Amino acid sequence: MRYPVDYRKYLWADFNHVMRTIRVPPEAVITGSIAEYLWPVEVDAEVIGAYLRALVKGSLDGFVRLVAVHHVASKIWQDLGSDGEEKAQKLLRAVVDQGGHDVVRDVVLYRQNRVGTIMLPPACFEQQGEWKAARLGFAGKCGADIHDRLKGLIESK
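In structure tokens, the structure reads:
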């Protein structure tokens, strides 16, 4: 992460209303690398909660949406770096229960390279591979309802 956790909390939690006004596409962000905002994965629960709230309110676009989707998805999916199954299950359930179709689709289908070139939307949502079966298996651990809701989405692309 490029900025300290107190800055991220300040921006994403305390001044979250500002985030919906930022409409910069990822490819237009002035930075050495978008990876500075994606890796390492966020570890602060308050910031993860703020990312989730911003997503489910449906008010994020462009670069800030990519950042939020990346960190929420990375806390859920083991192939992106999730480190705790129980917390990941709760977070996936929150995304599925509270998020609209676009949020659920983006979090479920999000894929990113840890090294090399960072994939920007739409490419980061259009990847294929064995990881889809693993994600569907994890969804089954969250309950039959979550599995059934995500099965069509995961298998459709």
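121 is the number that UniProt numbering gives to position 121 of the sequence shown; each next residue is one higher, with no gaps. Note that beta-carbon positions come from the ideal geometry of N, C-alpha and C, so glycine has one too. As the structure is a computational prediction, the values presented were derived from the model and not from experiment.
{"Item": "Compute the Euclidean distance between the alpha carbons of V72 and P122, then round it to the nearest angstrom.", "Value": "17 Å"}
{"Item": "Between which two residues does the alpha helix (DSSP H) carrying L136 extend?", "Value": "131 to 141"}
{"Item": "For F15, which three-state DSSP category applies?", "Value": "coil"}
{"Item": "Applying the 10 Å Cβ sphere with the 16-neighbour rule, what's the burial state of Q112?", "Value": "buried"}
{"Item": "What residue does the alpha helix (DSSP H) around Q89 start on, and which one ends it?", "Value": "85 to 98"}
{"Item": "Three or more C-beta pairs closer than 8 Å, one from the stretch 21 to 33 and one from the stretch 52 to 62: is that the case here?", "Value": "yes"}
{"Item": "Drop a sphere of 10 angstroms on the beta-carbon of F15, count the other beta-carbons inside from all chains shown, and report buried for 16 or more, exposed for fewer.", "Value": "exposed"}
{"Item": "For P26, does the three-state DSSP call read helix, strand or coil?", "Value": "helix"}
{"Item": "Suppose you measure from the CA of A35 to the CA of G152; what does that come to, to the nearest Å?", "Value": "31 Å"}
{"Item": "What does the alpha-carbon distance come out to for the pair L80 and A133?", "Value": "14 Å"}
{"Item": "Quick check on the burial criterion: 16 or more other C-beta atoms within 10 angstroms. Buried or exposed for Y10?", "Value": "exposed"}
{"Item": "Please classify I30: is it buried, with 16 or more other beta-carbons within 10 angstroms of its beta-carbon, or exposed?", "Value": "exposed"}
{"Item": "On the criterion of 16 or more Cβ atoms from any shown chain inside 10 Å, does V115 qualify as buried, or is it exposed?", "Value": "exposed"}
{"Item": "Run through DSSP, which three-state label would Y37 get?", "Value": "helix"}
{"Item": "Looking at C-alpha atoms only, which residue of G99, I48, I118, V107 is the closest neighbour of I154?", "Value": "V107"}
{"Item": "Please list, in chain order, all residues of the same chain as V5 whose beta carbon is under 6 Å from its beta carbon, the five residues on each side excluded.", "Value": "D44"}
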